[in-house]
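Each remark here refers to the structure printed beneath this line.
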Amino acid sequence: MTDIASLTREEAAERAALVNVQRYDVHLDLRGLLDGDVWAATSTVSFTCTEPGAATFVDCVGEVASVTLNGRDLDPATAERGRIPLPDLEGENVLVVSHTQSDTRSGTAILRTVDPNDKLVYVWSTFEPDMARFAFACFDQPDLKAPHGFVVDAHESWTVTSNSAPDRVEELSDGGRRWTFGDTPPLSTYVTVVNGGPFHELRSTRGGHDLGLFGRQSLRQFLERDAEELFDLTERGLTFFGEQFGQPFPQERYDQVFVPNMGGAMENWGSVTWTDSVLYRSTPTYGQRAVRAQILLHEMAHMWFGDLVTMRWWDDLWLNESFATFASVLAQASDTEYEHAWTTFANIEKSWAYRQDQLPSTHPVAADIPDLQAVEVNFDGITYAKGAAVLKQLYAYVGPESFLAGLKVYFAKHAWGNATLADLLTALEEASGRDLSGWGAQWLQTTGLNLLRPRFSVAADGTFADFVVLQGPARPGAGELRAHRLAIGVYDFDDAGKLVRRHRVELDVVGERTEVPDLVGVPAGKLVLVNDDDLTYCTMRLDNDSLATLLEHIADIAEPLPRTLCWSAAWEMTREAELKARDFVHLVLRGLHAESEVGVVQRLIQQAQVALSSYADRAWAPTGWSQFGHELLSLATAAEPGSDHQLAFVNALCSSVLDDDILAHLRDWLDGSPLPGLTVDTDLRWRLLRALAAHGKADLAAIGAELERDATAAGHRQSEWAKSLRPTAEAKAEAWRRAVADDDLPNAVSDAIIAGFSHPGQKALLEPYVARYFADVAGVWERRSSERAQPTVVGLFPAWSVNQTTVDAANAWLAEDRPPALRRLVSEGRAGIVRALAAQEFDRS
2 MTDIASLTRE EAAERAALVN VQRYDVHLDL RGLLDGDVWA ATSTVSFTCT
52 EPGAATFVDC VGEVASVTLN GRDLDPATAE RGRIPLPDLE GENVLVVSHT
102 QSDTRSGTAI LRTVDPNDKL VYVWSTFEPD MARFAFACFD QPDLKAPHGF
152 VVDAHESWTV TSNSAPDRVE ELSDGGRRWT FGDTPPLSTY VTVVNGGPFH
202 ELRSTRGGHD LGLFGRQSLR QFLERDAEEL FDLTERGLTF FGEQFGQPFP
252 QERYDQVFVP NMGGAMENWG SVTWTDSVLY RSTPTYGQRA VRAQILLHEM
302 AHMWFGDLVT MRWWDDLWLN ESFATFASVL AQASDTEYEH AWTTFANIEK
352 SWAYRQDQLP STHPVAADIP DLQAVEVNFD GITYAKGAAV LKQLYAYVGP
402 ESFLAGLKVY FAKHAWGNAT LADLLTALEE ASGRDLSGWG AQWLQTTGLN
452 LLRPRFSVAA DGTFADFVVL QGPARPGAGE LRAHRLAIGV YDFDDAGKLV
502 RRHRVELDVV GERTEVPDLV GVPAGKLVLV NDDDLTYCTM RLDNDSLATL
552 LEHIADIAEP LPRTLCWSAA WEMTREAELK ARDFVHLVLR GLHAESEVGV
602 VQRLIQQAQV ALSSYADRAW APTGWSQFGH ELLSLATAAE PGSDHQLAFV
652 NALCSSVLDD DILAHLRDWL DGSPLPGLTV DTDLRWRLLR ALAAHGKADL
702 AAIGAELERD ATAAGHRQSE WAKSLRPTAE AKAEAWRRAV ADDDLPNAVS
752 DAIIAGFSHP GQKALLEPYV ARYFADVAGV WERRSSERAQ PTVVGLFPAW
802 SVNQTTVDAA NAWLAEDRPP ALRRLVSEGR AGIVRALAAQ EFDRS
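Note that the working numbering gives residue 559 to position 558 of the sequence shown, counting from 1, and the numbers run on in steps of one.
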């Protein structure tokens with residue numbers, strides 16, 4: 002992978018000035034993938050050149066068989082580092098390139114999977130950011146958009162999907178069938194797609210659209226179980242976005258293809274590909290369904306922001322992803338049953354953003370992307386979550402009606418073309434009348450979080466005598482102050498003992514000190530939130546009396562969003578060594594029973610586990626784990642039988658450090674005596690078994706027996722996870738060898754092994770791997786593609802070893818000359834250890 006050139010921004014600009022692509026005609030032969038690894042492509046590219054006689058190159062990675070430019074043959078041997086030189090261009094050009102690609106196992110552009118359940122073969126493609134060049138010869142950059150016509154030959158048993166509906170399907174004289182698809186609209190190469198296999202297909206006509214769902218035959222029962230919900234969400238999303246953006250989705254057909262061994266989802270025009278892990282083998286919980294709905298709407302939003310109007314270069318990747326995240330939550334909260342989606346956003350996405358933005362590797366939302374290698378490490382919490390939070394602030398700053406009116410202008414003006422952030426801001430300025438000339442500089446070209454806190458005094462009658470919002474400089478970074486549109490909420494107890502909002506003021510906060518005269522004379526209440534409704538992106542602190550109220554009464558806050566803002570404030574204080582880790586754990590245990598949103602419950606449990614594993618005084622941590630485990634057991638026992646909350650508490654036990662008494666309960670549940678209402682299905686059986694294996698209570702024989710019960714691809718991954726969790730030196734050595742040295746291991750299997758390698762109860766066993774990590778990680782990065790290497794680099798970083806020696810080892814490694822992207826990932830791991838050491842010291846004080 003290291004010998005393939007990465008396109009630079011300058012090269013892309015030069016090529017875009019020279020070349021205008023008229024269309025792509027791509028003929029793919031997938032018949033060699035039924036029993037082998039050969040993907041064959043012939044790409045015909047029609048394009049013009051502004052400077053006849055000039056030269057450029059076309060992107061193509063694989064074995065080039067032939068190249069013809071304007072009827073003359075070029076030497077395929079000139080292809081080098083994924084580029085084919087194109088000399089002596091004419092005003093109008095036709096290029097024909099035939100090549101084969103045999104890298105169909107690594108997940109780079111194309112993945113071929115044999116389903117172990119029934120031995121059926123499935124193939125999917127995904128091309129972001131620049132991987133279309135692996136599948137067919139093209140000018141692989143976002144600002145050279147063109148119609149694509151795909152013709153695909155495949156085995157007769159396969160169904161083929163692409164961006165549009167097939168015009169016809171024909172039998173081939175030499176075997177198989179030919180699928181001819183209608184032309185796409187002008188698209189960037191990275192949002193084209195071809196998938197093939199014996200898919201189970203479901204279709205439904207909704208709202209004037211022909212909707213399709215595809216999945217493996219072995220998962221058909223789960224696809225059929227969830228189809229009505231997926232169809233309903235798809236119809237709602239297409240209607241909502243079409244109305245809000247002023248542009249109905251212009252294509253009748255909209256497909257969603259659930260494929261094996263894919264991470265996440267991809268916004269291919271009219272044919273979104275998903276990981277089929279979201280076709281849950283257990284009946285999905287409300288929380289799982291909410292996450293799945295958010296992903297569905299995120300990818301759908303890209304049909305407008307990304308596909309219809311596309312960034313000119315990857316500098317605006319953040320806008321692509323942030324907008325889709327923001328829009329998906331807006332749609333969820335506005336037009337689905339997930340009306341509290343902004344609460345989940347505040348607790349999950351923004352927590353991710355806060356963590357990423359406090360790392361030494363933080364970067365501006367509008368990051369500098371000089372080449373495509375820089376893109377891959379910027380699919381992060383800044384690009385997705387902080388950017389979405391900043392757009393929510395912009396939504397509040399210009400006003401919801403003006404924001405949506407500006408979007409309609411933007412989409413109408415730039416449809417089927419490319420645009421930049423400046424184009425979007427211009428449209429929003431026109432719609433709102435607000436000057437946004439400084440907004441982008443404040444929010445998009447800086448790093449870090451501003452800390453907002455209230456300062457006030459209370460008169461003798463219990464009202465505010467004065468009220469000021471104080472803003473601290475953004476950190477880390479240059480310390481900028483920003484303009485925040487925010488709401489201040491004042492809460493007090495009602496007659497039922499619940500904390501409810503009594504007063505709300507919305508205003509612009511600018512500079513270090515902003516007076517709030519509208520609160521003078523208002524009853525002070527018991528709790529003040531300076532970012533009520535979560536309108537802005539900041540870290541929030543409470544006054545002393547409000548903090549005391551939070552610590553004693555968080556369970557009494559009536560509404561989920563302000564409660565989540567209080568949880569977030571407490572967690573950020575814990576991470577900043579301002580609140581003891583043990584106090585945060587106790588706060589979670591006091592308030593968890595009253596938390597209505599199961600997604601928030603799950604995130605709070607994860608945060609408490611991090612506090613116990615990394616931030617708490619090591620001498621107290623065993624006591625803390627014992628208290629935590631027994632309280633979770635009590636909560637699981639007391640929860641409504643069969644509820645999502647009950648399952649969330651049981652799942653949390655399975656990932657905690659447990660004593661023998663609790664492990665005995667897990668054994669009983671696995672052996673057929675579960676809690677009333679608890680369904681111990683296949684997936685929960687594996688979670689229970691993994692917990693037992695991690696504590697030395699389940700051996701290889703038990704894992705093997707469970708695999709016999711679940712002899713599926715998912716069962717195989719679960720068994721690898723369980724084997725890796727076993728607390729023996731031999732198990733860890735084998736897991737390390739396979740994750741680090743076996744470069745042919747399927748991604749999903751490698752991920753499972755890495756997930757099981759470390760456990761919070763096995764820290765002493767893992768200490769020898771601190772040195773091993775720093776000895777091995779550079780070799781992993783050198784041998785594998787960035788996409789394949791990152792899960793190993795991040796997942797095996799010795800976060801379990803919160804010691805100065807780990808920091809010293811990282812310092813020594815970072816002192817050497819390292820690839821920038823790898824350096825970034827390791828420096829992020831180091832920063833986590835430094836933060837944890839400070840928190841542990843504070844917890845001991």
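Think of the CB as a built atom: it goes at the ideal place given N, C-alpha and C, for glycine as much as any other residue.
Chain-order list of residues whose beta-carbon lies under 6 Å from that of MET2 (same chain, five-residue window excluded): Since pLDDT at MET2 reaches only 46, below the 50 mark, its modelled position is unreliable, and the value read off the structure follows with that caveat. Hits under 6 Å: SER786.
Whole-Å CB distance - VAL599 paired with TYR287, under 8 Å assumed: Contact between VAL599 and TYR287 holds, since their C-beta atoms are separated by about 6 Å, short of 8 Å.
Given PHE457 as reference, the closest of LEU471, ASN451 and ALA692 once Cα atoms are compared: Sorting LEU471, ASN451 and ALA692 by C-alpha distance to the C-alpha of PHE457 places LEU471 at the top.
Beta carbon proximity, GLY208 to chain B, threshold 8 Å: Among the chains of the structure shown, chain B does not appear; only one protein chain is present.
Span of the beta strand (DSSP E), counted from its first residue to its last, around ASN532: Bounds of the beta strand (DSSP E) holding ASN532 are 528 to 533.
DSSP three-state assignment for SER283, whether helix, strand or coil: Correct three-state label for SER283: coil.
Element boundaries [beta strand (DSSP E), containing TYR255]: TYR255 -> beta strand (DSSP E) spans 254 to 260.
Enclosing alpha helix (DSSP H) for CYS539 [first to last residue]: Per DSSP, CYS539 belongs to no alpha helix (DSSP H) and is neither H nor E.
Three-state secondary structure (DSSP) of SER87: Note that residue 87 corresponds to Leu in the displayed sequence, not to Ser. Residue state, collapsed to three classes: strand.
First through last residue of the alpha helix (DSSP H) which encompasses LEU452: That residue, LEU452, is in no alpha helix (DSSP H); its beta strand (DSSP E) goes 452 to 459.
HIS201, enclosing beta strand (DSSP E) - first and last residue: Here the beta strand (DSSP E) through HIS201 covers 201 to 207.
Endpoints, alpha helix (DSSP H) assigned at ALA832: 821 to 845 is the extent of the alpha helix (DSSP H) around ALA832.
Per-residue burial, LEU701 [other beta carbons within 10 Å of its own, 16 or more giving buried]: The residue is exposed, with fewer than 16 neighbouring Cβ atoms inside 10 Å.
Which of helix, strand or coil DSSP assigns to ARG326: Going by the sequence as given, residue 326 is Thr instead of Arg. Looking at THR326 - three-state DSSP - the assignment turns out to be helix.
ASN262 versus PRO130: straight-line alpha-carbon distance, rounded: ASN262 and PRO130 have their C-alpha atoms spaced approximately 19 Å apart.
LEU838 to GLY830 span [Cα, whole Å]: Taking the straight line from one Cα to the other gives about 13 Å.
Identity of the residue in ARG10, THR45, LEU548 and PRO761 nearest TRP70 by Cα: What sits at residue 70 in the sequence shown is Leu, not Trp. Here the closest residue by C-alpha is THR45.
For GLN763 and GLU731, the rounded distance between their alpha carbons: Rounded to whole angstroms, the separation of the alpha carbons of GLN763 and GLU731 is 13 Å.
DSSP state of ARG293 mapped onto helix, strand, coil: Assignment of ARG293 by DSSP, reduced to helix, strand and coil, places it in the helix class.
Unbroken stretches of the beta strand (DSSP E), 3 residues or longer, contained in the region 204 to 238: If we require 3 residues or more, the beta strand (DSSP E) runs fully inside the region 204 to 238 come out as 210 to 216.
ALA840 and ALA595 closer than 8 Å at C-beta: Not a contact, by the Cβ cut-off of 8 Å.
Inter-residue Cα distance where the pair is ALA571 and THR638: The alpha-carbon of ALA571 is positioned some 27 Å away from that of THR638.
Pick from ASP660, VAL602 and GLN628 that is closest to GLY644, judged by C-alpha positions: Position check: residue 644 holds Ser in this sequence, whereas Gly was assumed. Of ASP660, VAL602 and GLN628, the residue nearest in Cα terms is VAL602.
Of the listed residues VAL835, PHE58 and TRP343, nearest to THR806 (C-alpha basis): For the set VAL835, PHE58 and TRP343, the Cα lying nearest the Cα of THR806 is the one of VAL835.
Secondary structure of MET2, DSSP reduced to three states: Because the pLDDT of MET2 is 46, which lies under 50, any placement of that residue in the model is unreliable, and the question is left without a value.
Sequence-distant residues of its chain with Cβ nearer than 6 Å to GLY388 (five each side left out): Result list for GLY388: TRP319, SER323 and VAL366, in chain order.
Buried or exposed (CB count within 10 angstroms, at least 16 for buried), GLY92: GLY92 is exposed by the Cβ-count criterion.
C-beta contact flag for CYS139 and ASP60 at 8 Å: Cβ distance < 8 Å, so CYS139 and ASP60 count as in contact.
Limits of the unbroken alpha helix (DSSP H) element including ARG784: Looking at the DSSP string, the run of the alpha helix (DSSP H) that includes ARG784 is 770 to 784.
Those runs of the alpha helix (DSSP H) which lie wholly inside the region 148 to 178 and span at least 4 residues: List check, alpha helix (DSSP H) in window: nothing returned.
4-residue-minimum alpha helix (DSSP H) runs that sit fully inside the region 685 to 757, ordered along the chain: If we require 4 residues or more, the alpha helix (DSSP H) runs fully inside the region 685 to 757 come out as 701 to 710, 714 to 726 and 730 to 742.
Where ILE370 sits in the DSSP three-state scheme: Here ILE370 sits in coil by DSSP.
Counted within 10 angstroms of its Cβ, other Cβ atoms place GLN222 as buried (16 or more) or exposed: Counting other Cβ atoms within 10 Å of its Cβ, GLN222 stays below 16 and is therefore classed as exposed.
For GLY197: DSSP bridge partner residues: For GLY197, which the question treats as bridged, DSSP gives the partners VAL124 and VAL161.
The region 422 to 435 contacting the region 398 to 408, beta-carbon criterion three pairs below 8 Å: Contact annotation: the region 422 to 435 touches the region 398 to 408, with at least three C-beta pairs closer than 8 Å.
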